[in-house]
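Novice: Quick one: the structure is below, and I'll ask about it shortly.
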Amino acid sequence: MEYRSLSDMGKTITLNTHKIPPSVDLVVGIPGSGMLAGSLIALSLNTLAADLQGFIENRTLRHGFTRNTKTFYSSPREARHVLLVNDAIVSGHTMQKAREKISAAGIEQIITACVVYAGHEHTENADLIFEQLRPPFAFEWSLMYSPLLQDCCVDIDGLFLDIPLTNDVEDRQARMRSIRDARPLTVPSQPAGVLVTDYPETFRHEIETWLDKHNIRYRKLHMPEHGGVNGIRRSGHLATFKSRVYQDYPEAPLFIESSSDLARTIALQTGRKVLSYMDQEIFTPEYLRAMATKQIRSLPSRILRKMSQLAFRDPLAPPHQLAGAEQINSKKQSHGASLPDLKVNDNHNK
Amino acid sequence: MDYRSLDDLSRTILKNRHRVPQDVDLIVGIPRSGVFAANIMGLALNLPVTDLDGFVQNTALLLPYRIAIPSALTYPREAKHVLLVDDTIHSGKSMDHARELLKKVQVDQKITTCAVFANPKPKSLTRINILFDALPSPAVLEWNVLHRDKLEQFCVDIDGVLCRNPTRQEDDDGPEYRLFLENATPLTFPTYKVGYLVTSRLEKYRKDTEAWLQRYNVAYNELIMLDLPDKATRVRMNASSRFKACVYKGLPHSDLFIESERKEAHIISRLSGKAVLCYSSQTFFAPTWSPALVELKTRKMAGWLAKRGRRAIARFINTK
């Protein structure tokens with residue numbers, strides 16, 4: 199599964215801005231995520247942006263004060279060449295409908311349809327495609343609303359529920375009450391496949407009621423048997439638990455985890471794709487392998503550089519890059535140290 | 040000088056989304072870049088989004104198919120609690136303007152104002168209810184770094200920022216390279232006049248470069264090129280980044296260098312002791328400890344001390 203975050207889209211747009219015909223003087227975004235791509239393209243081209251409805255109704259355009267735009271006009275119909283933007287083509291229906299709407303309104307401007315991402319099908323609906331992806335693909339901005347979510351394993355804490363489980367021994371009743379009153383951070387519109395949480399089995403009733411109350415649908419909910427409040431909670435324990443759940447669903451294309459460290463550990467333990475949601479970073483087995491190889495390969499040169507730096511010979515060598523490399527090294531070591539530790543823990547549980 | 044990329048914006052919104060009041064049922068973005076932040080926020084919180092004009096004129100909300108919350112809103116004015124969003128606040132002018140506009144049309148909804156980044160000064164902080172992250176001025180943002188009037192103080196590289204890099208075959212220091220200089224595909228068009236175009240292209244290609252810049256209407260104050268006989272000498276002397284750093288260091292008012300290559304950006308930042316932005320990877324290199332930075336700071340300090348000393352002496356003489 200291919201995944202693109204918002205900053206990936208920004209980079210794709212900056213690299214492909216030159217493909218857009220220079221005569222374009224208005225960007226029209228299709229409501230929803232097309233507005234997101236549209237406003238990014240408009241910022242990068244420095245033209246004005248409108249949404250589809252506003253364009254059809256000829257609503258006045260407004261812009262900020264800080265920037266100098268290329269063109270100044272107040273109504274969208276004054277534009278001569280319009281770029282119709284959507285983020286991706288999946289079925290091609292949205293683009294077709296938008297075009298029909300525009301032609302029904304009797305608009306004669308030149309219209310170029312543009313999408314940032316597209317698969318191999320339905321590409322005839324767009325005149326400009328910035329990047330072709332191999333399906334299935336998911337995006338940061340629509341992940342929680344895409345049907346792909348039905349197959350994924352999703353972590354509840356930090357994604358939907360905003361009360362992190364802390365290690366301190368606390369009043370159980372107070373904890374239950376705070377779960378009951380917690381607000382949902384994101385409500386997915388598709389049922390999630392498998393939900394995983396840090397809260398132990400003893401909280402099953404509370405969590406299930408909370409999910410029901412906020413209309414979060416799912417196929418199954420997995421909770422660790424031990425740990426959590428009044429119990430032992432260690433991140434290593436949690437990672438093993440989550441990896442085991444992920445291993446139980448071999449057909450799941452992605453595990454969505456909120457914290458970056460845990461996501462990395464799960465990817466290491468399972469050898470499958472894990473997305474760290476808060477940092478929008480995807481850990482693939484290939485990526486982890488490549489990182490490890492890079493570390494090992496660059497070890498001699500790093501040692502050499504460090505030594506030469508100690509001798510104050512090379513003024514060009516950046517010292518804080520070295521410090522960063524050391525940090526990664528120490529992290530790796532700590533991972534290595536935690537892995538056998540986990541196994542011991544595992545046996546103990548059995 | 041500080042910098043925020045698109046990645047920073049979306050991460051800040053994701054990490055702070057719990058601070059948005061729970062009863063907010065509509066997000067309104069202030070054009071233009073505020074609409075963009077509002078869109079990300081709407082996607083993160085699963086709420087309908089509109090822009091300021093749509094809200095004032097009460098045009099029907101087009102709910103994308105994915106909205107799961109059975110939100111009963113079809114018109115923006117039906118909302119009870121509105122979150123007014125802008126991406127950055129420096130002077131607070133656009134926020135004031137938006138508020139005035141809302142006052143004029145007599146909106147009776149509860150309005151909470153929110154900024155993703157703002158200057159942590161009382162002037163701007165009093166204008167907003169929720170601030171996600173403090174961003175001290177001066178700062179630049181990925182989405183408008185090439186479209187601000189400050190560009191007249193910046194140094195900008197040509198290859199990789201304004202036009203694409205030459206391929207290895209094209210970079211032969213001969214006829215192929217001239218052909219590339221003539222027809223290079225432009226990547227970005229800055230809206231304002233660029234202060235200094237600093238490039239490691241050789242001085243002998245000045246005419247071709249100037250012709251290309253004129254063809255694409257790139258306005259600039261100065262074009263600074265490397266004065267070496269040929270490419271081989273440049274490679275042998277490893278002159279590219281040193282040259283850029285040298286030029287950048289010599290321009291006291293210039294406080295940002297926009298460079299295309301990451302490694303080179305880092306070296307320039309170290310050698311000049313000033314901020315460098317790598318445009319292709321959107322990494323910002325703030326000056327860390329380096330001899331150049333120490334030199335810069337010492338000079339500044341010396342200047343300040345001399346000024347104070349001169350003043351003290353003048354005062355001493357006057358009182359006598």
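Heads up: the protein sequence lines correspond to chains A and B, in order.
Note that the numbering used here has the first sequence beginning at 199, numbered continuously upward.
Note that the numbering used here has the second sequence beginning at 40, numbered continuously upward.
Backbone N, C-alpha and C fix where the C-beta goes; we use that ideal spot for every residue, glycine too.
Does any residue of chain E bring its CB to less than 8 Å from the CB of D64(B)?
Specialist: You won't find chain E in this structure, because its protein chains are A and B.
Novice: Which stretch, first to last residue, makes up the alpha helix (DSSP H) that contains Q388(A)?
Specialist: Here residue 388(A) refers to the residue found at position 190 when the first sequence is read from its first residue. No alpha helix (DSSP H) contains Q388(A), which DSSP labels as neither H nor E.
Novice: Only counting the same chain, and skipping five residues up and downstream in sequence, which positions put a Cβ closer than 7 Å to that of E200(A)?
Specialist: Here the question's residue 200(A) lines up with position 2 in the first sequence. Here the set comprises L331, R332, F335.
Novice: Throw me the rounded Cβ distance for the T127(B) and L174(B) pair, which I believe falls under 8 Å.
Specialist: Here residue 127(B) refers to the residue found at position 88 of the second sequence. Here residue 174(B) refers to the residue found at position 135 of the second sequence. Correct: roughly 7 Å between the Cβ atoms.
Novice: Under 8 Å, with one C-beta from each stretch per pair, do the segment 73-82 of chain B and the segment 230-238 of chain A reach the 3-pair mark?
Specialist: With a cut-off of 8 Å, the segment 230-238 of chain A and the segment 73-82 of chain B count as touching, because enough Cβ pairs lie within range.
Novice: In its own chain, which residues sit with a C-beta less than 6 Å from the C-beta of D47(B), not counting the 5 before and 5 after it?
Specialist: Residue mapping note: residue 47(B) aligns to position 8 of the second sequence, counting from 1. Result list for D47(B): empty, nothing under 6 Å.
Novice: Could you pull the start and end residues of the alpha helix (DSSP H) that Y216(B) belongs to?
Specialist: Here residue 216(B) is taken as the residue at index 177 of the second sequence, counted from 1. Element bounds for Y216(B): 214-222.
Novice: Give the secondary structure of N260(B) by DSSP, where H, G and I count as helix, E and B as strand, and everything else as coil.
Specialist: The residue given as residue 260(B) occupies position 221 in the second sequence. Correct three-state label for N260(B): strand.
Novice: Could you work out which residue in R417(A), D379(A), M374(A), P382(A) is closest to R402(A) when comparing CA atoms only?
Specialist: Position 204 of the first sequence, counted from the first residue, corresponds to residue 402(A). Answer by Cα proximity: M374(A).
Novice: From what residue to what residue does the alpha helix (DSSP H) around A296(A) run?
Specialist: Locating residue 296(A) in the first sequence gives position 98, where the first residue counts as 1. Here the alpha helix (DSSP H) through A296(A) covers 291-302.
Novice: Apply the 10 Å Cβ neighbour rule to T212(A) and answer buried if 16 or more other Cβ atoms are within range, or exposed otherwise.
Specialist: Taking the first sequence and counting its residues from 1, one reaches residue 212(A) at position 14. Under this definition T212(A) is a buried residue.
Novice: With distances taken Cα to Cα, identify the nearest neighbour of D477(A) among L486(A), R487(A), S458(A), R462(A).
Specialist: Taking the first sequence and counting its residues from 1, the one referred to as residue 477(A) is at position 279. The candidate whose alpha carbon is nearest that of D477(A) is S458(A).
Novice: If you check the beta carbons only, do T384(A) and N85(B) fall under 8 Å apart?
Specialist: On the first sequence, position 186 is the one that residue 384(A) refers to. On the second sequence, position 46 is the one that residue 85(B) refers to. Yes, they are a contact pair.
Novice: Going along chain B in order, which residues have a C-beta closer than 8 Å to the C-beta of E255(A)?
Specialist: Residue 255(A) sits at position 57 when you count from the first residue of the first sequence. Result: T98.
Novice: Taking just the CA atoms, how far does V257(B) sit from A118(B)?
Specialist: Stepping through the second sequence from its first residue, residue 118(B) is reached at position 79. Stepping through the second sequence from its first residue, residue 257(B) is reached at position 218. A118(B) and V257(B) have their alpha carbons spaced roughly 46 Å apart.
Novice: Is the beta carbon of A450(A) closer than 8 Å to that of C350(A)?
Specialist: Looking up residue 350(A) in the first sequence gives position 152. Looking up residue 450(A) in the first sequence gives position 252. Yes; because the gap between Cβ atoms is below 8 Å, this pair is in contact.
Novice: Please return the same chain residues whose Cβ sits closer than 6 Å to the Cβ of T463(A), not counting the five positions on each side in sequence.
Specialist: Within the first sequence, residue 463(A) is the residue found at index 265, counting from 1. If we look at T463(A) and ignore the five residues flanking it on each side, its Cβ neighbours are A437.
Novice: Below 7 Å on C-beta distance, what does R56(B) contact in chain A?
Specialist: In the second sequence, the residue the question calls residue 56(B) occupies position 17. Listed along chain A are L383, each with a C-beta nearer than 7 Å to that of R56(B).
Novice: Since C153(B) is in the beta strand (DSSP E), which residue starts that stretch and which ends it?
Specialist: Numbered from 1 along the second sequence, position 114 holds the residue referred to as residue 153(B). Counting along the chain, the beta strand (DSSP E) containing C153(B) begins and ends at 149-157.
Novice: Measure the alpha-carbon distance for M207(A) versus I150(B) and round it to whole angstroms.
Specialist: The residue labelled residue 207(A) in the question sits at position 9 within the first sequence. The residue labelled residue 150(B) in the question sits at position 111 within the second sequence. So the two alpha carbons sit approximately 32 Å from each other.
Novice: Would you list the one or two residues that DSSP bridges to N284(A)?
Specialist: Here residue 284(A) refers to the residue found at position 86 when the first sequence is read from its first residue. Answer is V313(A), bridged to N284(A).
Novice: Would you report the Cα separation of P274(A) and R257(A), rounded to the nearest angstrom?
Specialist: For the purposes of this step, residue 274(A) is taken as residue 76 along the first sequence, with counting starting at 1. For the purposes of this step, residue 257(A) is taken as residue 59 along the first sequence, with counting starting at 1. For P274(A) and R257(A), the gap between their C-alpha atoms comes out near 7 Å.
Novice: Helix or strand or just coil, what does DSSP make of H320(A)?
Specialist: Your numbering for residue 320(A) matches position 122 in the first sequence. It is coil, neither helix nor strand.
Novice: What are the boundary residues of the alpha helix (DSSP H) that includes Q467(A)?
Specialist: Here residue 467(A) is taken as the residue at index 269 of the first sequence, counted from 1. From DSSP, the alpha helix (DSSP H) with Q467(A) extends over 458-468.
Novice: Whose C-alpha, out of S319(B), L335(B), K313(B), is nearest the C-alpha of S44(B)?
Specialist: Counted from its first residue, the second sequence places residue 44(B) at position 5. Nearest of S319(B), L335(B), K313(B) to S44(B), Cα basis: S319(B).
Novice: Can the beta-carbon of K232(B) be found closer than 8 Å to that of E191(B)?
Specialist: As a working note, residue 232(B) is residue 193 in the second sequence. As a working note, residue 191(B) is residue 152 in the second sequence. It is a contact, given that the beta carbons lie within the stated cut-off.
Novice: Counting only beta-carbon separations shorter than 8 Å, does A83(B) have a partner in chain A?
Specialist: Position 44 of the second sequence, counting from 1, holds the residue named residue 83(B). Closer than 8 Å: yes.
Novice: Looking at the unbroken alpha helix (DSSP H) that takes in C285(B), where does it start and where does it end?
Specialist: Position 246 of the second sequence, counting from 1, holds the residue named residue 285(B). That run of the alpha helix (DSSP H) goes 278-288.
Novice: Starting from E139(B), trace the alpha helix (DSSP H) both ways and give me its first and last residue.
Specialist: For the purposes of this step, residue 139(B) is identified with residue 100 of the second sequence, where counting begins at 1. Here the alpha helix (DSSP H) through E139(B) covers 132-143.
Novice: Alpha carbon to alpha carbon, how far is A247(A) from N428(A)? Give it in angstroms, no decimals.
Specialist: By one-based count along the first sequence, residue 428(A) stands at place 230. By one-based count along the first sequence, residue 247(A) stands at place 49. Because N428(A) sits at a pLDDT of 47, beneath the cut-off of 50, its placement in the model cannot be relied upon, and the following sentence gives the value as read from the coordinates. Taking the straight line joining both Cα atoms gives about 54 Å.
Novice: I want to see whether chain A comes within less than 8 Å of Q61(B), judged by CB atoms only; does it?
Specialist: Indexing the second sequence from 1 puts residue 61(B) at position 22. Closer than 8 Å: yes.
Novice: Identify whether V333(B) lies in helix, strand or coil by the three-state DSSP scheme.
Specialist: Here residue 333(B) corresponds to residue number 294 of the second sequence, with the count starting at 1. Residue state, collapsed to three classes: helix.
Novice: Please report whether the beta-carbon of M233(A) lies at a distance below 8 Å from any beta-carbon of chain B.
Specialist: As a working note, residue 233(A) is residue 35 in the first sequence. Yes, M233(A) counts as interfacial toward chain B.
Novice: How should H163(A) be labelled, buried or exposed, when 16 other C-beta atoms within 10 angstroms of its C-beta is the threshold for buried?
Specialist: Because chain A spans 199 through 548 in this model, residue 163(A) falls outside it and cannot be assessed.
Novice: Using a beta-carbon distance below 8 Å, is D46(B) in contact with chain A?
Specialist: Position 7 of the second sequence, counted from the first residue, corresponds to residue 46(B). With 8 Å as the cut-off, D46(B) counts as an interface residue toward chain A.
Novice: Between the C-alpha atoms of V146(B) and V63(B), what's the straight-line distance to the nearest angstrom?
Specialist: Within the second sequence, numbered from 1, the residue matching residue 146(B) stands at position 107. Within the second sequence, numbered from 1, the residue matching residue 63(B) stands at position 24. When rounded, the distance between both Cα atoms is 15 Å.
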